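So the structure is just underneath, and the comments pick up after that.
Number of protein chains: 2
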Amino acid sequence: MNILREFFLGFVKIHILYHAGKEGFCGADMMTELDRHGYTIGPGTLYPLLHTMMKGGYLRSEKKVERGRARIYYSATPKARIALREIRPKINELVSEVLE
Amino acid sequence: MNILREFFLGFVKIHILYHAGKEGFCGADMMTELDRHGYTIGPGTLYPLLHTMMKGGYLRSEKKVERGRARIYYSATPKARIALREIRPKINELVSEVLE
DNA sequence: TTTATTAATATTGCTACGCGATATCGCTAC
DNA sequence: GTAGCGATATCGCGTAGCAATATTAATAAA
């Protein structure tokens, strides 16, 4: 049981909502971005998650070609923006107590 | 897929570490405390988790009798305190970006 | 002193997720 | 067209979440 890891995994979805709201990203981008924070997420975790979030209506996708590579860009739906707005204060409430 | 719920579940372990470090608590206390934040966690989730955290060396337990009820009080081990100290800045890093 | 009551803790069984390993797809260059 | 590469997708197993259920433990009632 790795407590920090499990916290991180719970947080990944929110992190994805946030980045999808700022600018589109592709799966590989997101893996790189998370690595930057010192966390590794494999494709076997990320892609099924992205599909689930699309089915849930949080993300929409768009196919593009960049530098000779096929990529799928994900961006936030209105539902995602609303969800993020609602979630933020709850995160703040939960986290601020522990961080004090 | 309930994104906020899944974030909360990842956060519960850290919440438990925090409260165990401040003062001992029993399972029923923790369920009440989490309810206060608007989250419900059932005994079928909480107690197996407490056992896992004990096996992992994060919690120790002590049996007490209070108001005619047998209760098991959990408190933080040194390992838990060290873990919490290490985890805090990482939480801050992950969360502050999303809360901006 | 049995039996009932109530609250706390524990377990079970099913479902769904994490994720390493593996496969597939799509583009470009040759 | 096909080789090579990077991005995306899937498979299979182990494990976590959790509602429902059972068990434990202490007191009160009979």
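Chains as they are written, first to last, in this note's numbering: chain A, 628 to 727; chain B, 628 to 727. We put the CB at the ideal spot given by N, CA and C, even for glycine. For clarity, every value in this text was computed on a predicted model and none was experimentally measured.
Chain B contact for residue i (CB, 8 Å cutoff)
i              : result
T710 (chain A) : In the sequence on display, residue 710 (chain A) carries Ala and not Thr. True, the Cβ-Cβ gap to chain B drops below 8 Å.
G683 (chain A) : yes
Closer than 8 Å to chain A by CB, residue i
i              : result
L721 (chain B) : yes
R715 (chain B) : yes
L726 (chain B) : yes
T679 (chain B) : yes
Rounded straight-line distance, which links the Cα of residue j to that of residue i
i              : j              : result
I709 (chain A) : K691 (chain B) : 46 Å
N719 (chain A) : E693 (chain A) : 37 Å
A707 (chain B) : L631 (chain A) : 12 Å
E727 (chain A) : P716 (chain B) : 12 Å
E689 (chain A) : G651 (chain A) : 9 Å
T659 (chain B) : C653 (chain B) : 10 Å
D662 (chain A) : A697 (chain B) : 47 Å
L644 (chain A) : I714 (chain A) : 11 Å
Pick from the options that is closest to residue i, judged by C-alpha positions
i              : options                        : result
K649 (chain B) : B:T704, B:T679, B:M681, B:P716 : B:T704
H664 (chain B) : B:G651, B:M680, B:H642         : B:H642
S723 (chain B) : A:T659, A:F638, A:N629, A:E633 : A:F638
D656 (chain B) : B:K682, B:M680, B:S702, B:T679 : B:S702
F686 (chain A) : A:K640, A:N629, A:V725         : It is Leu, not Phe, that sits at residue 686 (chain A) in the sequence shown. That would be A:K640, whose Cα lies nearest to the Cα of L686 (chain A).
Closer than 7 Å: residue i CB and nearest the ligand GTP heavy atom
i              : result
E650 (chain B) : As presented, the structure is devoid of all ligands, the ligand GTP included, so that no description of it is given.
- Query: Is the stretch 674-686 of chain A close to the stretch 669-688 of chain B, with three or more CB pairs under 8 Å?
  - Reply: no
- Pull out every residue of the stretch 691-709 of chain A whose Cβ sits closer than 7 Å to any Cβ of chain B, in chain order. From the stretch 691-709 of chain A, no residue has a Cβ closer than 7 Å to chain B.
- With 8 Å as the limit, tell me which residues of the stretch 629-656 of chain B have their beta carbon closer than that to any beta carbon of chain A; keep them in chain order. I630, L631, E633, F634, F635, L636, G637, F638, K640, I641, H642, L644, Y645
- Message: What are the residues in the stretch 661-672 of chain B lying within 8 Å of chain A by C-beta distance?
- Response: H664, G665
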